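Here is the structure we will look at.
There are 2 protein chains.
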Amino acid sequence: MAYLSSAAEVLDALGDPTRRAVLELLRDGPRAVVDIASELPVSRPAVSQHLRVLKGAGLVTERKDGTRHLYRVDRDGLAALRTYLEGFWTDALATFKEVAEQEQEGGTA
Amino acid sequence: MAYLSSAAEVLDALGDPTRRAVLELLRDGPRAVVDIASELPVSRPAVSQHLRVLKGAGLVTERKDGTRHLYRVDRDGLAALRTYLEGFWTDALATFKEVAEQEQEGGTA
DNA sequence: CCATAGAGTAAGCCGATACTTACCGTAAGT
DNA sequence: ACTTACGGTAAGTATCGGCTTACTCTATGG
Numbered sequence: 011m012a013y014l015s016s017a018a019e020v021l022d023a024l025g026d027p028t029r030r031a032v033l034e035l036l037r038d039g040p041r042a043v044v045d046i047a048s049e050l051p052v053s054r055p056a057v058s059q060h061l062r063v064l065k066g067a068g069l070v071t072e073r074k075d076g077t078r079h080l081y082r083v084d085r086d087g088l089a090a091l092r093t094y095l096e097g098f099w100t101d102a103l104a105t106f107k108e109v110a111e112q113e114q115e116g117g118t119a
Numbered sequence: 011m012a013y014l015s016s017a018a019e020v021l022d023a024l025g026d027p028t029r030r031a032v033l034e035l036l037r038d039g040p041r042a043v044v045d046i047a048s049e050l051p052v053s054r055p056a057v058s059q060h061l062r063v064l065k066g067a068g069l070v071t072e073r074k075d076g077t078r079h080l081y082r083v084d085r086d087g088l089a090a091l092r093t094y095l096e097g098f099w100t101d102a103l104a105t106f107k108e109v110a111e112q113e114q115e116g117g118t119a
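Chains as they are written, first to last, in the working numbering: chain A, 11 to 119; chain B, 11 to 119.
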């Protein structure tokens, strides 16, 4: 795998409800494609396509076990997202302070 | 104000590159719609529509100053997302452990 | 009061993308 | 070897959503 997943890619992947549902299922443990599809209102190929995106974003990894391809949650994507949000969070907090101070001076009511 | 924003709503909002760009701009401080639009390759109405979504997700708040509507980053949406991810993170970690114990394999394929 | 600036909304277009079915490859089981 | 199960891919469709222009409203300034 080895790509550093970008936050943008992760957020794009997480932007779809079905993909989120897939991830939620995978959160409880590895599953095969057919098993995932059986719990969702979409076809198996659809799930395959979503898994490809999730994999590209570093959110899942694949492991083959016979004819079954077991997918599981990958920490990498989540980590990338957390890092991104962390940065955003601190920057935003700093800005909040600045703005709050400026507003108390200028004080338009 | 700011309804309890759901993680799904936040992730949907963050799923669009332009909206992310808007947020990035807002990260450095409050801005009026026209100012945001001037820095992006889309029209002002497009920005307005994106801001509506971001607001619905609890990611920005609006403050009117004359004819200018100043938007700024809202902590609520970010907090909701962080909470969601936090839960996901811990659940996933727990699952990793379980799975790791059940299988005796390691390494990224 | 009229003009201008800023912004939200409506309607419509168009491209992206999330689906479907059909097909093909592969690994086990018999 | 045949069959069955599992899964990725291709091709086509159709829905969704992001963007634009046009319109309207409000607020400030002359």
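No residue lacks a Cβ here, since even glycine has one placed at the ideal position from N, Cα and C. The model shown is predicted, which means the values in this text are computed figures rather than measured ones.
- The beta carbon of B:Leu21 sits closer than 8 Å to some beta carbon of chain A.
- Residue pairing by DSSP places A:Ala42 opposite A:Leu80 in a beta bridge.
- For the stretch 78 to 94 of chain A, the set of residues with a beta-carbon nearer than 8 Å to any beta-carbon of chain B comprises Arg82, Val83, Arg85, Leu88, Leu91, Arg92, in chain order.
- CA-CA distance, A:Leu69 to A:Val20, rounds to 7 Å.
- Inter-residue distance for A:Leu95 and A:Ala23 is about 16 Å (C-alpha atoms, whole angstroms).
- B:Val57 is the residue among B:Val57, B:Ser16, B:Val43 whose C-alpha sits nearest the C-alpha of B:Thr28.
- Inclusion of B:Ala31 and B:Ala90 in the CB contact set at 8 Å is not warranted, their separation being larger than that value.
- Taking a contact to require three or more Cβ pairs closer than 8 Å, the stretch 77 to 90 of chain B and the stretch 99 to 107 of chain A qualify as touching.
- If you look at B:Asp75, you'll find it in the beta strand (DSSP E) that goes 70 to 75.
- Residues of the stretch 25 to 41 of chain A whose Cβ lies closer than 9 Å to any Cβ of chain B, in chain order: Gly25, Asp26, Pro27, Arg30, Leu33, Glu34, Leu36, Arg37, Asp38, Gly39, Pro40.
- Under the Cβ criterion of 8 Å, A:Asp45 is not counted among the residues facing chain B.
- Taking 8 Å as the CB threshold, A:Thr105 lines the interface with chain B.
- In this structure, the CA atom of B:Val43 is about 34 Å from the CA atom of A:Leu64.
- Taking CB atoms only, A:Ala102 has a neighbour in chain B less than 8 Å away.
- Within chain B, no C-beta atom comes less than 8 Å from the C-beta of A:Ala56; the nearest is roughly 18 Å away.
- Per DSSP, A:Val63 is one residue of the alpha helix (DSSP H) stretching across 54 to 66.
- Judged by DSSP secondary structure, B:Pro27 falls within the alpha helix (DSSP H) whose first and last residues are 27 to 37.
- Between B:Gly87 and A:Gly25 the beta-carbon gap is near 14 Å, outside 8 Å, which marks them as no contact.
- When DSSP states are grouped into helix, strand and coil, A:Leu103 belongs to the helix group.
- Using a Cβ-Cβ cut-off of 8 Å, A:Ala67 is close to nothing in chain B; its nearest Cβ partner there is about 12 Å away.
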